[in-house]
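Reviewing the structure listed below.
Protein chains: 2
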Amino acid sequence: MSLDDSWYTEQWAEQGSAISLKLAKKLHHEQSAYQRIEIFETETFGTLMTLDGLVMVTDRDNFVYHEMMSHPALFTHPDPRRVLVIGGGDCGTLREVLKHAGVQLAEQVELDERVTRVAEQFFPELCASNRDPRARLHFADGIQWIADSAPDSYDVIIVDSTDPVGPAAGLFSEEFYQHCHRALGPDGVLVGQSESPLFHADLIVAVQTRLRAAGFADSATLFFPQCTYPSGWWSGTLGCKRGTGCGFRVGDAARKSFTTRYYNAEIHAAALAAPEFLRERLVAR
Amino acid sequence: MSLDDSWYTEQWAEQGSAISLKLAKKLHHEQSAYQRIEIFETETFGTLMTLDGLVMVTDRDNFVYHEMMSHPALFTHPDPRRVLVIGGGDCGTLREVLKHAGVQLAEQVELDERVTRVAEQFFPELCASNRDPRARLHFADGIQWIADSAPDSYDVIIVDSTDPVGPAAGLFSEEFYQHCHRALGPDGVLVGQSESPLFHADLIVAVQTRLRAAGFADSATLFFPQCTYPSGWWSGTLGCKRGTGCGFRVGDAARKSFTTRYYNAEIHAAALAAPEFLRERLVAR
């Protein structure tokens, strides 16, 4: 059965697979200085944003990704006050970070200001905390930003990036992780999105290897479903400066003062369980 | 971007989404007494079987489903010797069941013999244990089979069915669960596939409610990724006759004598963690 142009289809040619969402109408289209930004109204996934033809966010399923890119890292750090989000232009991760009452400063460094401006228009819920007095939105190159950061500038760094190709490739390098390590305080925690366990297992192993090589005492990968990303299964990988096994504040997570839709303390612990085919490779590292 | 007929596309109209796999060639097509059975060679997912246009199994990602439909239930029962698989015509679940050395009898009751015969031809790995002396393959109506079963006939019943429409709808009913409850021994465990947490949360809640109403002391849902099923996120739901919280033999699972690719003891515990949006509904039940 073929699909016509009433569907938005994202193909992963090298994986021989694709996902599609049924469209109601196109709401916006622009070519920014960096990429093609499109906004659609879908039939059942709410509003959809794509960048250069890749699904970034839908109303219906973004909660899993945004919660898992924020709360595990923040509950891993003993007392996160200064948080940096690199990328994250739709501001959904920033909103989750600001749910933590202890956070005093949440900086976001997104390369493409247009992504954020378009998100403010079409995803107002995700941008609901952009005017929080603790939030600072910068539009700059995250790789340069972290290279220029003073030591001990942040407690948590979140790399909420696109795929490791083009400008985002540098966000998966050992050199970048070395800069993050220096910019973090002594209990510092980094988390970066690390693609699909089914499609990109080699990348997950490489990210953990590079984090350790860059000086992080421990690394661990979080696994979670993400319907509209390739394979429907996604990951984020933690680097922890202290050698505490990337354990987390279980009691604080269980008594969290804010609402979530996917994350809870049991889900946090569960996300750290590696499927056997990856556990063997990570243990053997 | 549209997709042509070189892709196999499964549409879920009411969910406004679809997944597609790139095809190399069609290997087989037949109309059995019950359904249309098709076999394709894909570019990157190996061999694909579809029934009435719905993806049943691919070489690449079936391991997650088959392992999660078998090992959690078998490690939940204290000493599973007699196992019944209802459905499961591709025989991948049966193969996993027979990895447990303590199993003395594994019966499979599949409605459509042609599914199994086609699987034997095109998925020989999944059917590798069909000639195990402990295996008994029956081709009959599973609902009638369980209604006719004597009390205390099985230790574990696995409902490896298609979606809850058409002939399989009865496999999700309270009456069916009552029959299963009677056919199980005192420590009996049932597990049934229970669809996508993102798309079918109501069904998961209903299955747990019906299992309790049918006499199962405890119920619990297992969550796992499944790339080629709707939303890429899937579930199985356990019913346990003893009120032990559907806990499992952690030590035995950690020391299992057979190989797996997804399942391990940590993954088993992790799969039991409910996402917040479902935990609230299941706790409130």
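As they're listed, the protein sequences go chains A and B.
Its first residue numbered 23, the first sequence is counted upward by one per residue in my numbering.
Its first residue numbered 23, the second sequence is counted upward by one per residue in my numbering.
Glycine included, C-beta positions come from ideal geometry on N, C-alpha and C.
Nothing here was measured: the structure is a model prediction, and the numbers come from that model.
Contacts around residue i, its chain only, beta-carbon distance under 8 angstroms, and the 5 residues preceding and following it disregarded
{"i": "ALA150 (chain B)", "result": "ARG117"}
{"i": "PRO146 (chain B)", "result": "none"}
{"i": "ASP154 (chain B)", "result": "LEU120 and ALA128"}
{"i": "VAL140 (chain B)", "result": "HIS50, GLU52, ILE59, ILE61 and MET71"}
{"i": "LEU148 (chain A)", "result": "VAL79, ASN84, HIS88, ASP112, CYS113, GLY114, ARG117 and ALA141"}
{"i": "ALA40 (chain B)", "result": "THR31, GLU32, GLN33 and TRP34"}
Counterpart residues of residue i in DSSP-defined beta bridges
{"i": "ALA242 (chain B)", "result": "B:LEU260"}
{"i": "GLY265 (chain A)", "result": "BP columns for GLY265 (chain A) are empty, so no partner."}
{"i": "ILE180 (chain A)", "result": "A:VAL107 and A:VAL213"}
{"i": "LYS121 (chain A)", "result": "Answer is none; LYS121 (chain A) lacks a bridge partner."}
{"i": "ALA40 (chain A)", "result": "A:GLN33 and B:SER42"}
{"i": "GLN53 (chain A)", "result": "A:ARG58"}
{"i": "ARG301 (chain B)", "result": "None; ARG301 (chain B) has no bridge partner."}
{"i": "MET71 (chain B)", "result": "B:ILE61 and B:VAL79"}
{"i": "LEU127 (chain A)", "result": "A:ARG104"}
{"i": "LEU116 (chain B)", "result": "None, per the DSSP bridge assignment."}
{"i": "ALA157 (chain A)", "result": "A:ALA128"}
{"i": "TRP255 (chain B)", "result": "B:PRO247"}
{"i": "LYS48 (chain A)", "result": "A:PHE62"}
{"i": "LEU25 (chain B)", "result": "A:LEU25"}
Nearest-angstrom Cα separation, counted from residue j out to residue i
{"i": "ARG204 (chain A)", "j": "ASP74 (chain B)", "result": "57 angstroms"}
{"i": "ARG234 (chain B)", "j": "GLU288 (chain B)", "result": "26 angstroms"}
{"i": "GLU217 (chain B)", "j": "TRP256 (chain B)", "result": "5 angstroms"}
{"i": "SER54 (chain A)", "j": "GLY237 (chain A)", "result": "37 angstroms"}
{"i": "ARG103 (chain A)", "j": "ILE226 (chain A)", "result": "28 angstroms"}
{"i": "HIS93 (chain A)", "j": "ARG156 (chain B)", "result": "48 angstroms"}
{"i": "ILE59 (chain B)", "j": "GLU135 (chain B)", "result": "11 angstroms"}
{"i": "HIS290 (chain A)", "j": "PHE245 (chain B)", "result": "14 angstroms"}
{"i": "PHE198 (chain B)", "j": "ALA95 (chain B)", "result": "18 angstroms"}
{"i": "GLY188 (chain B)", "j": "VAL105 (chain A)", "result": "52 angstroms"}
{"i": "PHE280 (chain B)", "j": "ARG82 (chain B)", "result": "20 angstroms"}
{"i": "ALA239 (chain B)", "j": "THR184 (chain A)", "result": "46 angstroms"}
{"i": "GLU142 (chain B)", "j": "GLN57 (chain A)", "result": "49 angstroms"}
{"i": "ASP174 (chain A)", "j": "PRO208 (chain A)", "result": "7 angstroms"}
{"i": "ALA125 (chain A)", "j": "ASP182 (chain B)", "result": "The question names Ala, but residue 125 (chain A) is Val in the sequence shown. Taking the straight line from one Cα to the other gives about 47 angstroms."}
{"i": "ARG301 (chain B)", "j": "VAL229 (chain B)", "result": "14 angstroms"}
{"i": "LEU304 (chain A)", "j": "GLU36 (chain B)", "result": "40 angstroms"}
{"i": "GLN215 (chain A)", "j": "ASP27 (chain B)", "result": "33 angstroms"}
Contacting residues, own chain, Cβ-Cβ under 6 angstroms from residue i (five flanking each side not counted)
{"i": "LEU294 (chain A)", "result": "ALA242"}
{"i": "ILE61 (chain B)", "result": "LEU49, HIS50, MET71 and PHE144"}
{"i": "GLN130 (chain B)", "result": "VAL107, GLY110, LEU116 and LEU159"}
{"i": "ALA162 (chain B)", "result": "VAL131"}
{"i": "GLY273 (chain B)", "result": "none"}
{"i": "GLU52 (chain A)", "result": "ILE59"}
{"i": "VAL211 (chain B)", "result": "ALA95, THR98, HIS99, VAL178 and CYS262"}
{"i": "ASP224 (chain A)", "result": "none"}
{"i": "PRO186 (chain B)", "result": "PHE194"}
{"i": "TRP34 (chain A)", "result": "PRO252"}
{"i": "VAL213 (chain B)", "result": "ALA95, ILE180, GLY258 and LEU260"}
{"i": "ALA276 (chain B)", "result": "ALA287"}
{"i": "SER171 (chain B)", "result": "ALA205"}
7 angstroms Cβ cutoff met for residue i and residue j
{"i": "TYR176 (chain B)", "j": "LEU133 (chain B)", "result": "no"}
{"i": "LYS44 (chain A)", "j": "GLY110 (chain B)", "result": "no"}
{"i": "VAL77 (chain B)", "j": "THR250 (chain B)", "result": "yes"}
{"i": "PHE299 (chain A)", "j": "SER253 (chain A)", "result": "no"}
{"i": "GLU32 (chain A)", "j": "THR282 (chain A)", "result": "no"}
{"i": "TYR284 (chain B)", "j": "PRO297 (chain A)", "result": "yes"}
{"i": "VAL79 (chain B)", "j": "ASP112 (chain B)", "result": "yes"}
{"i": "VAL137 (chain A)", "j": "GLN248 (chain A)", "result": "no"}
{"i": "ILE179 (chain B)", "j": "MET91 (chain B)", "result": "no"}
{"i": "ILE165 (chain B)", "j": "CYS202 (chain B)", "result": "no"}
{"i": "GLY114 (chain A)", "j": "ASN84 (chain A)", "result": "yes"}
{"i": "ALA292 (chain A)", "j": "ALA292 (chain B)", "result": "yes"}
Nonlocal neighbours in the same chain, by C-beta distance under 7 angstroms from residue i, ignoring five residues either side
{"i": "ALA46 (chain A)", "result": "GLU63, THR64 and GLU65"}
{"i": "GLN200 (chain A)", "result": "ALA236 and GLY237"}
{"i": "SER42 (chain B)", "result": "LEU25, TRP29, TYR30 and THR31"}
{"i": "SER123 (chain B)", "result": "The question names Ser, yet the displayed sequence has Ala at residue 123 (chain B). Taken in chain order, the residues that qualify are SER279."}
Assess contact between the region 258-276 of chain A and the region 68-85 of chain A, defined as three or more Cβ pairs (one per stretch) separated by less than 8 angstroms. Is contact present? The region 258-276 of chain A is not in contact with the region 68-85 of chain A.
Would the region 267-277 of chain A and the region 184-197 of chain A be scored as touching if the rule is three or more Cβ pairs under 8 angstroms? No, because fewer than three Cβ pairs between the region 267-277 of chain A and the region 184-197 of chain A fall closer than 8 angstroms, the two stretches do not touch.
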